[in-house]
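**Q**
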């Protein structure tokens, strides 16, 4: 397995998302998918207490009972869950949510515990100190953030530095060929700070499966068709001409390589600087097997250029000004003064 470092953990270049397990994916098939994933040489999986209101974590329990030492497990905390009840990042709730996740999965320690999103009602310092306490208590090995804006992630990183608290070792954020906003602020900061990115939604919420195009209504039952208007994968957000041009290029490259469109979309992400492991979220074993092949797909420099040409985010101030007028690289290494103990 070609691995990548996330804090103290070594993970595979693909991460298996479990959001659909136990709800849209039957338990038996979910376990077959987990088997196929590790048999292919991968070890990284992602879940959350909110997925199926704890069901996804419970699905993992019997499987982890047989394979715990073979995998790196990520779970997340923030949104409403019936166990332990409530929502948010208040210290007591984080501690109770961590214990509930450990209990549902039947494990002694969470490898990577991520904040699923910020909580504006709780002081950031309270959240970070509580997370540090979980690491010191041996319940969590490493920490991560998800869906943080760049300014808040920078604030969190500096706060952790100043207090010598356990740091955020990874950022989980939406990133795909049709959603590249992270390239403007988040990804440059993460690269300068040495924080790898694990992209969620690498297929654009199902938009980059090869089944969507101009004038084609989303198939009934598909993620795009079922997405509410306020979700990231909603059809009105995905069905733009720039995105359709990207799909045209995906199909062309897939034909050149003799592979599927989703494989090319994942392989493009694997070639982006700062990306550790895209989080794939297949519903079926067949879909998983197709996506696994992306890890071994080699794209030429010309193919990568063509794929990225249509959806690159606009150059924005102040980065454009600094680069053109001052020759300052937005991704230069972050200089930090030593923190006093």
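Numbering (the working numbering), first residue to last: 30 to 370. Where a beta carbon is used, it is the ideal one built from N, C-alpha and C, also for glycine. On a predicted model such as this, the values are computed, not experimentally measured, just so you know.
Is it true that the region 190-199 meets the region 32-41, where meeting means three or more beta-carbon pairs spaced less than 8 Å apart?
**A** These segments touch.
**Q** What residues are listed by DSSP as bridge partners for residue 184?
**A** None; residue 184 has no bridge partner.
**Q** Considering Cα atoms alone, identify which of 57, 298, 218, 275 is closest to residue 236.
**A** 275
**Q** Determine the closest residue to residue 68 out of 55, 138, 96, 80, with distance taken between C-alpha atoms.
**A** 96
**Q** With DSSP as the reference, please indicate the residues paired to residue 106 in a beta bridge.
**A** Bridge partners of residue 106: 144.
**Q** Give me, in chain order, the residues of the same chain whose beta-carbon lies closer than 8 Å to that of residue 117; leave out the 5 immediate sequence neighbours on both sides.
**A** 107, 148, 150, 151
**Q** Does the beta-carbon distance from residue 371 to residue 301 come in below 9 Å?
**A** In the structure as shown, the chain begins at 30 and stops at 370. Residue 371 is therefore absent and cannot be evaluated.
**Q** Could you work out which residue in 342, 356, 312 is closest to residue 56 when comparing CA atoms only?
**A** 312
**Q** Between the beta-carbon of residue 32 and the beta-carbon of residue 88, is there less than 9 Å?
**A** In this structure, residue 32 sits away from residue 88, with a CB-CB distance that is not shorter than 9 Å.
**Q** Compute the Euclidean distance between the alpha carbons of residue 351 and residue 303, then round it to the nearest angstrom.
**A** 21 Å
**Q** Looking only at its own chain, which residues have a Cβ that is under 8 Å from the Cβ of residue 138, when we skip the five neighbours before and after it?
**A** 131, 167, 168, 169, 170
**Q** Using only alpha-carbon positions, find the residue among 340, 112, 319, 45 that is nearest to residue 271.
**A** 340
**Q** Among residues of its own chain, excluding the 5 on either side of residue 370, which ones have a beta-carbon nearer than 8 Å to its beta-carbon?
**A** Interpretation of residue 370 is limited by its pLDDT of 48, a score under 50 that renders its predicted location unreliable; no figure is taken from the coordinates.
**Q** With burial defined as no fewer than 16 other Cβ atoms inside 10 Å of the residue's Cβ, what is the status of residue 217: buried or exposed?
**A** Within 10 angstroms of the beta-carbon of residue 217 lie 16 or more other beta-carbons, which makes it buried.
**Q** The alpha helix (DSSP H) that contains residue 297, what's its start and end?
**A** 290-299
**Q** Specify the secondary structure class of residue 171 as computed by DSSP and reduced to three states.
**A** Assignment of residue 171 by DSSP, reduced to helix, strand and coil, places it in the strand class.
**Q** What's the C-alpha gap between residue 48 and residue 231?
**A** C-alpha separation (whole angstroms): 14 Å.
**Q** Measuring straight from C-alpha to C-alpha, what distance separates residue 220 and residue 358?
**A** 12 Å
**Q** Suppose only complete runs of 3+ residues qualify. What are the beta strand (DSSP E) ranges in the region 45-119, listed by chain order?
**A** Complete beta strand (DSSP E) runs here, min 3: 73-75, 101-106.
**Q** What does residue 34 pair with, by DSSP beta-bridge criteria?
**A** 39
**Q** Return the residue from the list 184, 289, 297 that minimises the CA-CA distance to residue 315.
**A** 289
**Q** Going straight from the alpha carbon of residue 336 to that of residue 287, what length do you get?
**A** 16 Å
**Q** For residue 309, does the three-state DSSP call read helix, strand or coil?
**A** strand
**Q** For residue 203, list the residues DSSP reports as bridge partners.
**A** DSSP links residue 203 through a beta bridge to 229.
**Q** Does the beta-carbon of residue 72 have 16 or more other beta-carbons within 10 angstroms, so that it is buried, or is it exposed?
**A** By the neighbour-count criterion, in which a residue is buried when 16 or more other Cβ atoms sit within 10 angstroms of its Cβ, residue 72 is buried.
**Q** Pull up the distance between the alpha-carbon of residue 173 and that of residue 141, whole angstroms please.
**A** Approximately 7 Å between the Cα atoms of the pair.
**Q** Start and end of the alpha helix (DSSP H) containing residue 156?
**A** 153-165
**Q** Beta-carbon within less than 7 Å of residue 159's beta-carbon, same chain only, minus the 5 sequence neighbours each way: which residues are those?
**A** Result list for residue 159: 120, 123, 124, in chain order.
**Q** Counting along the chain, where does the alpha helix (DSSP H) carrying residue 282 start and finish?
**A** 270-286
**Q** Under the assumption that residue 320 contacts residue 309 (Cβ atoms under 8 Å), give the Cβ distance between them as a whole number of angstroms.
**A** 5 Å
**Q** Taking all protein chains shown into account, decide if residue 260 is buried (16 or more other Cβ within 10 angstroms of its Cβ) or exposed.
**A** exposed
**Q** Using alpha carbons as the reference points, say which of 84, 165, 100 lies closest to residue 66.
**A** 100
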